[in-house]
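In full-length UniProt numbering, the protein residues as written are 1 to 385.
Each residue gets a CB set at the ideal place from its N, CA and C atoms; glycine is no exception.
I have placed the structure first, in the form of structure tokens, so that the comments after it can refer back to it.
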């Protein structure tokens with residue numbers, strides 16, 4: 001049992017990332033503590049948006065997320081993109097491509113603004129080992145000792161960006177309390193390729209605007225060829241919905257097949273794409289660079305794969321390169337206030353949940369929205385404590 005001489009917190013938050021910190025700005029500072037494994041808060045906030053923190057998106061909706069649609073809708077319903085921007089009214093944001101909002105002051109300014117509002121107690125370099133329920137209290141065992149709290153909020157994130165201190169402790173805690181886990185896997189990550197696509201590696205560094213089809217969805221944007229395969233915004237979004245099997249890339253969405261007929265121009269000239277891409281694409285398909293009308297029937301069919309290049313990725317670049325984790329604590333046993341339906345006063349928020357967003361500010365927005373949902377749930381819990 002616990003020692004009554006020890007301090008008992010009303011709220012203990014595991015994780016000092018976007019969701020945990022945002023929740024801490026809403027809770028009573030005298031009743032809350034944050035336990036953070038790293039030596040500093042908000043490592044992924046600093047890395048977001050290439051250091052500019054794309055904090056939200058004007059087009060927030062369930063279609064931008066992978067997860068239970070009803071659950072996601074309820075969570076998103078408590079926080080609009082306008083409210084997010086009002087929360088950071090001291091900073092300047094610009095609406096850019098795909099209606100996402102970037103901070104003109106940089107990611108560090110966003111983190112500092114959150115930390116300015118966080119006045120509660122905290123422990124850095126504090127690695128959580130286990131969490132148990134003893135009577136009405138949670139006992140959290142760490143490398144810095146034991147902590148006791150009436151409400152436990154797990155905001156420990158996923159397994160992506162291991163270099164930033166990712167941890168799977170949230171999944172372990174969920175399993176201990178009889179919650180199921182959807183197998184975590186890397187998402188918003190590049191694809192590695194099989195032998196037939198090794199030509200991608202020969203043009204590492206080249207980027208072109210493409211259209212990718214995967215699992216009934218379509219993504220437009222840049223595709224970056226790398227020494228391991230392909231990456232870039234369109235690929236990262238596609239990776240969220242790919243499990244296995246084939247994807248299709250239209251390398252020339254700006255053209256139609258009719259652009260290549262009745263002309264003496266070489267196909268590479270009409271493509272208007274980087275010379276290195278044209279060379280490797282034609283070589284891979286055993287085609288000469290000549291006018292389309294000079295191709296025989298089989299050659300024409302092969303060349304037209306430029307509009308529908310279908311292949312099966314070998315895999316992806318792994319958690320080390322993934323921006324987020326797909327999978328996590330299943331939401332069927334989580335209420336819309338992010339409280340466990342199994343264990344009262346236990347909450348899960350942010351990336352630890354089985355909800356994943358596309359690129360464009362959707363994941364940080366969900367982190368904030370789930371934190372606010374938990375806050376609304378905690379207000380009701382706190383009344384009864």
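Rounded Cβ spacing between residue i and residue j (contact assumed at less than 8 Å)
| i | j | result |
| --- | --- | --- |
| residue 308 | residue 248 | 5 Å |
| residue 190 | residue 277 | Actually they do not touch by this definition, with Cβ atoms about 17 Å apart. |
| residue 359 | residue 188 | 6 Å |
| residue 56 | residue 84 | 4 Å |
| residue 341 | residue 334 | 7 Å |
| residue 391 | residue 236 | A question about residue 391 goes unanswered here, because the residues of the chain that appear run from 1 up to 385. |
| residue 22 | residue 295 | About 57 Å; that fails the 8 Å criterion. |
| residue 182 | residue 354 | 4 Å |
| residue 362 | residue 60 | 7 Å |
| residue 293 | residue 261 | 6 Å |
| residue 252 | residue 214 | Not really, about 18 Å apart at Cβ, beyond 8 Å. |
Alpha carbon of residue i to alpha carbon of residue j, nearest angstrom
| i | j | result |
| --- | --- | --- |
| residue 159 | residue 168 | 6 Å |
| residue 1 | residue 130 | No answer about residue 1 holds up, because its pLDDT of 48 lies below 50 and its placement is not dependable. |
| residue 385 | residue 32 | With a pLDDT of 37 at residue 385, under the threshold of 50, the modelled position of this residue cannot be trusted, and the question is left open. |
| residue 256 | residue 243 | 30 Å |
| residue 117 | residue 25 | 5 Å |
| residue 95 | residue 7 | 45 Å |
| residue 302 | residue 184 | 38 Å |
| residue 27 | residue 321 | 33 Å |
| residue 212 | residue 254 | 13 Å |
| residue 232 | residue 313 | 15 Å |
| residue 304 | residue 250 | 10 Å |
| residue 137 | residue 10 | 9 Å |
| residue 35 | residue 272 | 54 Å |
| residue 286 | residue 17 | 50 Å |
| residue 105 | residue 180 | 40 Å |
| residue 52 | residue 108 | 8 Å |
| residue 209 | residue 186 | 24 Å |
| residue 88 | residue 58 | 15 Å |
| residue 147 | residue 348 | 18 Å |
| residue 79 | residue 263 | 55 Å |
| residue 352 | residue 123 | 20 Å |
| residue 71 | residue 344 | 19 Å |
| residue 81 | residue 350 | 17 Å |
Beta-carbon proximity check, residue i vs residue j, cutoff 9 Å
| i | j | result |
| --- | --- | --- |
| residue 50 | residue 100 | no |
| residue 386 | residue 221 | Limits of the chain in this structure are 1 at one end and 385 at the other, which puts residue 386 out of reach. |
| residue 15 | residue 156 | yes |
| residue 267 | residue 230 | no |
| residue 346 | residue 154 | yes |
| residue 91 | residue 103 | yes |
| residue 67 | residue 170 | no |
| residue 37 | residue 128 | yes |
| residue 195 | residue 226 | no |
| residue 319 | residue 65 | no |
Burial state of residue i, where buried means 16 or more other Cβ atoms lie within 10 Å
| i | result |
| --- | --- |
| residue 54 | buried |
| residue 198 | exposed |
| residue 39 | exposed |
| residue 245 | exposed |
| residue 228 | buried |
| residue 204 | exposed |
| residue 151 | buried |
| residue 20 | buried |
| residue 380 | exposed |
| residue 258 | exposed |
| residue 134 | exposed |
| residue 4 | Unreliable positioning characterises residue 4 in this predicted model, as indicated by a pLDDT of 49, which lies under 50. The coordinate reading is nonetheless provided below. Its Cβ having fewer than 16 others within 10 Å, residue 4 is exposed. |
| residue 144 | exposed |
| residue 142 | buried |
| residue 280 | buried |
| residue 69 | exposed |
| residue 323 | buried |
Neighbourhood of residue i by C-beta, 8 Å cutoff - its chain only, sequence neighbours within 5 removed
| i | result |
| --- | --- |
| residue 422 | Because the chain spans 1 through 385 in this model, residue 422 falls outside it and cannot be assessed. |
| residue 75 | 336, 338, 355, 366, 369, 370, 373 |
| residue 290 | 266, 267 |
| residue 364 | 18, 45, 48, 53, 54, 55, 56 |
| residue 207 | 222, 223, 224, 225, 232 |
Beta carbon proximity, residue i to chain B, threshold 9 Å
| i | result |
| --- | --- |
| residue 251 | Structure shown: chain B not included; a single protein chain is present. |
Contacting residues, own chain, Cβ-Cβ under 6 Å from residue i (five flanking each side not counted)
| i | result |
| --- | --- |
| residue 178 | 342 |
| residue 98 | 360 |
| residue 315 | 192 |
| residue 284 | 199 |
| residue 330 | 180, 182, 354 |
Sequence-distant residues of its chain with Cβ nearer than 7 Å to residue i (five each side left out)
| i | result |
| --- | --- |
| residue 375 | 23, 26, 27 |
| residue 357 | 64, 65, 363, 366 |
| residue 110 | 45, 53, 55, 88, 91, 103 |
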